[in-house]
Amino acid sequence: MAIQADNLMVQWLGRGRACEGLHALANRTGTPSRSHWGELSLEERIARVCGTRVSIEHERLTLAR
Numbered sequence: 058m059a060i061q062a063d064n065l066m067v068q069w070l071g072r073g074r075a076c077e078g079l080h081a082l083a084n085r086t087g088t089p090s091r092s093h094w095g096e097l098s099l100e101e102r103i104a105r106v107c108g109t110r111v112s113i114e115h116e117r118l119t120l121a122r
């Protein structure tokens, strides 16, 4: 479920803002996050989102910037 949420977040906000948000969340929690029930840890999500290139096919049709 985290992967789907991250994909939507990147599509709506852009990769840069999504990375900023994930890093802010990691800084706020203060403790290393661990994956639960097979989900990705916060560190894994950051690596996946911030290290993934996302192409925008229709720049005019993005929902928000």
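Taking this note's numbering, I'd label the letters of the sequence shown as residues 58 to 122. Glycine included, each C-beta is placed from N, C-alpha and C at the ideal position.
Item, Value
"Backbone secondary structure at M58 - three-state DSSP", "coil"
"Classification of A85 by the beta-carbon crowding that lies within 10 angstroms, buried from 16 upward", "It should be noted that the sequence gives Arg, not Ala, for residue 85. So R85 ends up on the exposed side."
"Three-state secondary structure (DSSP) of E96", "coil"
"Nearest candidate by alpha-carbon position, reference A83, set E101, N64 and M58", "E101"
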